[in-house]
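**Q** Let me begin by handing over the structure; questions about it come next.
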Amino acid sequence: MSAKLSWHTICILIFTFAFSSMAENKATFEASVQRYRTRINKDPENLDLHREMIDYAVESQQVEVPLHIYQNAHAKKPNSPLFCYVLAYTYLKSKQKIKQAVDLLQTTISSESQFWETYRALGECYLLQEETRLAMNAFYQSVQIQPKAWQVQIQLAELYRDQHNEQQALHHYQQAATVQPRSADIHFEIGLLARRLNDLQTAEAAFLKAIRFNKNSPDAYYQLGQVYALQQKPGKATDQYRRARKIDLDPQPAPRYQLADIFLELEDGRSAILALRSGFLLDSKYVVYTDQFKNVSTPQAAQIVSEMLTTIPSTTDSDAFLHYFAGKLHLKIDDSETARRHLEQVVALKPDHSQAHALLGRLYEKSEPEAAIEAFEQSVELGNNEVEVMVKLAKTYQQEKNYNKFTGIADKILALAQHPEIHYQLALYHEDQAFLKQQAQDSDTAKELEDKALYHADQAVKIAPEVAKYNLKLGTYYDRRGQLKAIRFYEKAIELNPQNPEGYYKRGLFMSNYTFGADKVLLYAPEDVMADLQKAVELDPNSAGAHRALGIVYDRMYDTANAIKNFKKAVRLDPNDAYSQIYLAEQYAKAGQKQLAINALAKAIEARPTDVEALKDYAFLCLNHDQERLWKEAKRSLEIAIQIRPNDAEILMNYGYTLYLNGETNLAIEHYQKSIQLKPDWDITHYNLGLAYERIRKYNLAKQSFQKVTQINPDSTLRDKSIDRLAALERK
């Protein structure tokens, strides 16, 4: 017999062992399942117990046990909120079948079982699916059901912190702290966020609490020391660093370098150099340079640091800091070129260094404005809360007419500081948007935007009551609402800037139109009104606004000749005065001077391209005055109008007619039909539709349209024309 086992024998032995192992594993698994069930059955409704068991199973790589139990339980009772939740939680913690977990949790929610834990688990599933917005919504539902769910408050805080929304992050950490007031970690996070928001008092209190509840955290001492440094209390800062050093088992140079940076920013060069030297003592790479910084001036320190960094290759975060420190030192001595080289090295080593990006932005501003904006944007995206940097971006976005970015950065600024100019610019923005919505006949949205404009103008005045233009704008908004308080703000604007004609003529206009009582009696005497308007012209004879105001008042007094005279002066001084151009166009049209009216409306549209009424009137006059020559201009005007106001029957009808003139008959018919849906008894649309059908030889439809005209208005000239068309069609 061979000494070697045959292949057949080996296979038998392997399979015998495998079956034996499987049987043993099966027995072990069943025992684990039984133990799990025994433990759970002691308190089957206890969610904490279920989660504790699932978490342990995942950690010990036995997740198949709860999966087996909960899958079987769910199969027997698929609508049980408890079994849906615990199975979903098992999927979530084992990071498998997340989509099924979401479905199970939504089933739990639809059963009206108010488990705050369900929404929390749903939020965590959404995070795994990278659906941050849905996750936040779920977390908010969770804390709405259970306000004391501090764990969820922390999850919300972390999400906001990752989005660099420090205000909201701070709010949620503070909510968590009300439930867990002795948590050193929560107070530490509050301190970090408050410091970033420059709320040093809140930061100090938070770090003191963090230390009270955990006296062995060196980081809390370091942070408290930095807060004291920012409060210009160098002695207290140094004291906290000494306390940290006593308990720090692995002291690093970084906290010392950070303290040095704070002292340098506060123009305390001596303390900055001392902090820098203490960092070198802990930094094996630079410890040999420590003595070179004894009793040195800022220029000497800048030179030594630059030479040091040139000699030793830069690769670490500490190197990045030293380049940053060197950059700031060179900025102090007006050596911008060397500062720039160091700062560019910082962002190469540490791209998330927000302050370095901000300083580079300032260095780039004059020579490379686009690079400056990019640097500022990176700085803010990385969490820089410097209002000055954000204001620079806000101005740029306004100039570029990038209003989404402008409003976003403006909101960030106002969350950090009371900034009247940003409020003022937001008021102007919302005013413009309200006008667009008015043109689109979206009156509800326009009202909301007008309210926002009023709010921001009011805030600007409250923050800076001695700025004339803020008072003037707030007065204008109250004026439009017909509120008497407009006078108060106009008068304040005049008091602050008595040489500005705008305050006078706006007050005069308001007084000319303000009435009271059922009989609409004018409150102000006409001589008071004219005194204000004449004062405006006296201050600036070339004020288009003053002449426009005089024109309006003369028109209200039915003195059309003087009104026209002043409106003509207004447009000579400012051809882009849309109001005056439109008034003159109306007068020219009444006088039969249609080409002058068309020219005036063209100027008005050039100044205010979204004024739908001006676009409509311009198109009508073009078609009415010289259709053959001007129909293309009418078509272009109506194309703009229809984008703003797509459901205006008149625009649709006239645009359809220009399409008809352009040979686009089928498209013209579509627009006529839309117009008829909106205004079914308008005879001219039916007549034009009949002509269009006749052109494409749909004679029966053409007859129906012409017959409709005869029914709508039996006395119109279109009736006679329609009868003629019907007679002609009978002969075809």
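Mind the numbering: the sequence shown is residues 706 to 1437 in the numbering used here, read in order.
Glycine included, C-beta positions come from ideal geometry on N, C-alpha and C.
Along the chain, which unbroken stretches of the beta strand (DSSP E) at least 3 residues long are found entirely within the region 929–976?
**A** For the region 929–976, not a single whole beta strand (DSSP E) run of length 3 or above is found.
**Q** Relative to the C-alpha of Glu-764, which residue among Asp-996, Gln-963, Thr-795 is closest?
**A** Of Asp-996, Gln-963, Thr-795, the residue nearest in Cα terms is Thr-795.
**Q** Suppose only complete runs of 4+ residues qualify. What are the alpha helix (DSSP H) ranges in the region 978–1023, listed by chain order?
**A** Runs of the alpha helix (DSSP H) inside the region 978–1023: 1003–1016.
**Q** Look at Thr-907 and Ile-895 and say whether their C-beta atoms are less than 9 angstroms apart.
**A** Yes, they are a contact pair.
**Q** Could you give the DSSP three-state label for Trp-821: helix, strand or coil?
**A** Note: Trp-821 maps to helix in three-state DSSP.
**Q** Any idea if Thr-823 is buried or exposed, counting beta-carbon neighbours within 10 angstroms, 16 or more meaning buried?
**A** It counts as buried.
**Q** If you check the beta carbons only, do Glu-1155 and Arg-1193 fall under 9 angstroms apart?
**A** No; because the gap between Cβ atoms is not below 9 angstroms, this pair is not in contact.
**Q** Decide if Pro-771 is buried, meaning its Cβ has at least 16 other Cβ atoms within 10 Å, or exposed.
**A** Result: buried.
**Q** Assign Lys-1395 to one of three DSSP states: helix, strand, or coil.
**A** Note that residue 1395 is Gly in the sequence shown here, rather than Lys. Note: Gly-1395 maps to helix in three-state DSSP.
**Q** Grouping DSSP H, G and I as helix and E and B as strand, with all else coil, what is Tyr-1245?
**A** Here residue 1245 is Asp; the residue named in the question, Tyr, does not match the sequence. If DSSP states are grouped into helix, strand and coil, Asp-1245 belongs with coil.
**Q** Compute the Euclidean distance between the alpha carbons of Ile-1118 and Thr-1112, then round it to the nearest angstrom.
**A** If I take the Cα positions, the gap works out to 10 angstroms.
**Q** Going by beta carbon distance, what residues of the same chain come within less than 6 angstroms of His-869, once the five residues before and after it are set aside?
**A** Taken in chain order, the residues that qualify are Gly-1088.
**Q** Reducing DSSP to helix, strand and coil, say where Glu-1091 ends up.
**A** Reduced to three states, the DSSP call for Glu-1091 is coil.
**Q** Going by beta carbon distance, what residues of the same chain come within less than 6 angstroms of Lys-1037, once the five residues before and after it are set aside?
**A** Only Thr-1003 meet the Cβ criterion.
**Q** What do you get for Pro-1419, buried or exposed, if any count of 16 or more other CB atoms within 10 angstroms of its CB means buried?
**A** Exposed, by the Cβ-count rule.
**Q** So the candidates are Glu-1243, Leu-1027, Leu-1343; which of them puts its Cα closest to the Cα of Gln-1008?
**A** Per the Cα distances, Leu-1027.
**Q** Buried or exposed: which applies to Gln-1416, given that a residue is buried once 16 or more other Cβ atoms fall within 10 Å of its Cβ?
**A** Label assigned to Gln-1416: exposed.
**Q** Leu-1189 by DSSP, collapsed to three states: which one?
**A** Leu-1189 falls in the coil class under three-state DSSP.
**Q** Rounded to whole angstroms, what is the Cα-Cα separation between Ala-1145 and Lys-1321?
**A** Cα-Cα distance, rounded: 13 angstroms.
**Q** Does the region 1130–1137 come within contact of the region 1152–1170, defined as at least 3 CB pairs closer than 8 angstroms?
**A** Short answer: they touch.
**Q** How is the alpha helix (DSSP H) around Ile-1401 delimited, first residue to last?
**A** That residue, Ile-1401, is in no alpha helix (DSSP H); it is neither H nor E in DSSP.
**Q** Are the beta-carbon atoms belonging to Tyr-878 and Glu-909 less than 9 angstroms from one another?
**A** Cβ atoms of Tyr-878 and Glu-909: not closer than 9 angstroms.
**Q** Contact check, Leu-1306 vs Ala-1319 under 8 angstroms by CB: the rounded distance?
**A** Indeed, because the Cβ distance is near 6 angstroms, the residues count as touching under 8 angstroms.
**Q** What would DSSP say about Met-1358, mapped onto helix, strand or coil?
**A** In this structure, Met-1358 counts as helix in the three-state DSSP scheme.
**Q** When you compare only the Cα positions, how much space is there between Tyr-761 and Gln-811?
**A** C-alpha separation (whole angstroms): 25 angstroms.
**Q** For Ser-1285, count neighbouring C-beta atoms within 10 Å of its own C-beta (all shown protein chains included) and say buried if the count is 16 or more, exposed if not.
**A** Buried.
**Q** What's the gap between the Cα of Ala-1254 and the Cα of Ala-1283?
**A** Distance between the alpha carbons of Ala-1254 and Ala-1283 is about 13 angstroms.
**Q** Please name the residue, chosen from Cys-830, Arg-1424, His-876, Lys-1178, that lies closest to Glu-1126 on a Cα-to-Cα basis.
**A** The residue with the shortest Cα to Cα distance from Glu-1126 is Lys-1178.
**Q** Spell out a yes or no on whether the region 1234–1254 and the region 1263–1283 are touching, meaning 3 or more CB-CB pairs, one atom from each, closer than 8 angstroms.
**A** As far as the Cβ criterion goes, the region 1234–1254 touches the region 1263–1283, which means the pair count is three or higher.
**Q** Could you check how far apart the C-beta atoms of Asn-1329 and Gly-1361 are, in whole angstroms? I think they sit under 8 angstroms.
**A** Rounded, the Cβ-Cβ distance is 16 angstroms, inconsistent with contact.
**Q** Have a look at Ala-1446 and Ile-1269 and give me their C-alpha separation to the nearest angstrom.
**A** Residue coverage of the chain in this structure runs from 706 to 1437, which leaves residue 1446 outside it and unanswerable.
**Q** Apart from the five residues just before and just after Ala-1294, which ones in its own chain have a Cβ nearer than 6 angstroms to its Cβ?
**A** Cβ neighbours of Ala-1294 beyond the five flanking positions: Ala-1302.
**Q** Quick check on the burial criterion: 16 or more other C-beta atoms within 10 angstroms. Buried or exposed for Val-993?
**A** Val-993 is exposed by the Cβ-count criterion.
**Q** Kindly indicate which three-state DSSP category Ala-1433 falls into: helix, strand or coil?
**A** Note: Ala-1433 maps to helix in three-state DSSP.
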